[in-house]
Structure formats: structure tokens, C-alpha cells
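Everything on this sheet refers to the single structure shown next.
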Amino acid sequence: MARDIVAIDVHVHLSDETTQKAKGDRTAQMARYFGRERPPVSIDEMADQYRARKMMAVIMNTRDETVTGLTPVPNEHVAGAVKKHPDVFLAFGAIDPWTGKLAVDEVKRCKDLGLSGMGELNPARQHFYPNDPRFYPIWETCAKLDMPILFHGGMAAAGAGTPGGMGIKLKYSQPIFVDEVAADFPELKIISAHPTWPWTAESLAIARHKGNYYIDLSGWAPKYFPAELVHNINTLLQDKAMFGSDWPAIGVERWLEEFGQVNMKPEIRKKIMLENAVKFFGITL
Numbered sequence: 157m158a159r160d161i162v163a164i165d166v167h168v169h170l171s172d173e174t175t176q177k178a179k180g181d182r183t184a185q186m187a188r189y190f191g192r193e194r195p196p197v198s199i200d201e202m203a204d205q206y207r208a209r210k211m212m213a214v215i216m217n218t219r220d221e222t223v224t225g226l227t228p229v230p231n232e233h234v235a236g237a238v239k240k241h242p243d244v245f246l247a248f249g250a251i252d253p254w255t256g257k258l259a260v261d262e263v264k265r266c267k268d269l270g271l272s273g274m275g276e277l278n279p280a281r282q283h284f285y286p287n288d289p290r291f292y293p294i295w296e297t298c299a300k301l302d303m304p305i306l307f308h309g310g311m312a313a314a315g316a317g318t319p320g321g322m323g324i325k326l327k328y329s330q331p332i333f334v335d336e337v338a339a340d341f342p343e344l345k346i347i348s349a350h351p352t353w354p355w356t357a358e359s360l361a362i363a364r365h366k367g368n369y370y371i372d373l374s375g376w377a378p379k380y381f382p383a384e385l386v387h388n389i390n391t392l393l394q395d396k397a398m399f400g401s402d403w404p405a406i407g408v409e410r411w412l413e414e415f416g417q418v419n420m421k422p423e424i425r426k427k428i429m430l431e432n433a434v435k436f437f438g439i440t441l
């Protein structure tokens, strides 16, 4: 699939015109929050950028039409990126958990589309608790089909600083609600996205306790990583953490430059940047 890659960015989003249109006002709000412009970037341009860095990237897709009424980006769109650039991209499919059997069927369809998992599921934006038994048929299907799930955890940049936070409710994104899912579906691989502040310690404890629960380091500039996060990925959780940028929210170059300043053993840095993701996704180099 890939040759001579030095890193795998396990958490990115498309930012082409189709995706930006679907996100509505969120694109401009996120640009203001992170202090960087967000002009559209075509899928081909994005692939070329990662290819030039000798990196692969895992594209996330999202949908929350039950809560927001926004028309989602079709999963065929992200699947098309993988089909066109298989040396660079893997991708996850999006579901709205409130759609019940339709969500279960969509997981099956995403598997047929060649997608590698489901996510980004965002409980804060989609207004659901992952441990609610009503959603267990979805997680059961993901487990049976070997489709890992990526859950957003903790603080949300989307809506931050706006009155009402654009309707996003942070209580749903506490990692402890995913702990129960990890316990009830031990064969299901789960990625908890971001440092999950203000519940960082909680997520680290779950990653230590549950063998099927992993973390990515996306969505935060590394110079702001909590000390307990740095300590744990440098020691006990060195095999459970994976590089993610959350591009285009955070520029890859900025993330890499700041992560290079984090005090870390070289062999552990390589695990986080590449080796852990290779094992997680079963990538053949």
C-alpha cells in the first residue's frame, strides 16, 4: 500500500469545496478559533501535500443531521479519496447514531465501500451518550465487521467562544461514557480523539485499563499538551498513542514542529508517529 512513509496522521478532515459547504458556518468559526485561514483545498492537493511529506493520513467524516439539520458529506465522497489516492489515504465513514437501523446499515455499507472504520463520532455535537443501550446495535455491528470507531473526547473547538457554543454540549464527550462501550465490546477497537481536556486523566486511565482503547493527539498544539499526557505517552501508554493533527484545524507543519520540542525518547516518538498506527490499521509497508 505505501512505501517509505515516515508518519501516519490518523485524524484529518477534508477541506474541499464540497466539505466546506456542508459544514456551513462552522468553517469560518473554526478558522477564527485557530487563527488560520481555511481556503478550500482539493482532495488532489491534500494528497500531494501528504505524499510530499512521505505521510499517510486517515480521513474522518462527520454527520449530525438529527441535531443540526445540515446535509452531510456522503461517505462515497471520502471513499472516493481513498480510491483515487490509496497510497496516501485511509478513511472512516460517518453515521448519525440517532437514525437507528439506518446507522447500522450505513456501517455495513461503509465496509463495502472500503472504508477502514467509523468516525468521527462526536457525542457533544450529536447529543448522545455512547453508553446508551439504544446505540449498542451500532457498536455491535462495528465490532463484528472489524470497523474501529473514533470518538471525539473533551473540549470542542467547534462553537468555542460563540454564544451557546453553536448548540454543542460538552457533557456528552466525557471519556468515561466510552469506557463502558470498551468494556462491553472488548473486540471493538476504539480511538479517543484529542487530549480530552478537561478529562485528560480519565482518558489516560481508560487507555491504561482497556486494551482496546487508544488515543490520538489531534486537535491541540503540542506545546499546550498537559504534562500528565506527555508523561504517560512517554511511559505507560507509549503503545497506545497515535499522531493526529486534526488538519485543517491545525497545520501539520506547526504540529510537527511543536511535537519535535516535546521531550521524548526517539524510539517512543517513532511509535507515536508511525508504528502504533501501522499495527492498529494493519498497514503493510
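Taken in order, the sequence shown gives residues 157 to 441; the numbers are from this note's numbering. Heads up, the beta-carbon is just placed ideally off N, CA and C, and yes, glycines get one too.
Query: Inter-residue spacing [alpha-carbon to alpha-carbon] between histidine 308 and tyrosine 206; Result: 23 Å
Query: Cutoff 6 Å; reference glycine 315; Cβ partners in own chain excluding five residues on either side; Result: Gly321, Met322 and Ile324
Query: Inter-stretch contact at 8 Å, needing at least 3 Cβ pairs: the segment 377 to 393 / the segment 408 to 422; Result: yes
Query: Neighbourhood of glutamine 330 by C-beta, 6 Å cutoff - its chain only, sequence neighbours within 5 removed; Result: Trp355
Query: Segment limits, alpha helix (DSSP H) that includes isoleucine 389; Result: 383 to 389
Query: Methionine 157 (DSSP reduced to helix, strand or coil); Result: Low confidence applies to methionine 157: its pLDDT is 49, below 50, so where it sits in the model is not reliable enough to give any reading.
Query: Touch test, the segment 281 to 295 against the segment 350 to 370, Cβ-Cβ under 8 Å, three pairs minimum; Result: no
Query: Inter-residue Cα distance where the pair is glutamate 262 and lysine 179; Result: 20 Å
Query: Contacts around proline 196, its chain only, beta-carbon distance under 7 Å, and the 5 residues preceding and following it disregarded; Result: Ser171, Asp172, Glu173 and Gln176
Query: Contacting residues, own chain, Cβ-Cβ under 7 Å from methionine 157 (five flanking each side not counted); Result: Here methionine 157 scores only 49 on pLDDT, less than 50, and its place in the model is too uncertain to base an answer on.
Query: Outcome for arginine 188 when other beta-carbon atoms lying within 10 angstroms are tallied against a minimum of 16; Result: exposed
Query: Boundaries (first-last residue) of the beta strand (DSSP E) holding tyrosine 369; Result: 369 to 372
Query: Phenylalanine 436 versus Met211, Asp160, Ile346 and Val234, residue with shortest Cα-Cα distance; Result: Ile346
Query: Alanine 397 to alanine 203 span [Cα, whole Å]; Result: 24 Å
Query: Below-9 Å beta-carbon distance, phenylalanine 399 vs any chain E residue; Result: Note that chain E does not occur in the displayed structure, where there is just one protein chain.
Query: Span separating the alpha-carbon of arginine 209 from that of tryptophan 403; Result: 14 Å
Query: Residue interval of the beta strand (DSSP E) (run including serine 348); Result: 346 to 349
Query: Valine 162 burial status per 10 Å Cβ neighbour count (16 or more: buried); Result: exposed
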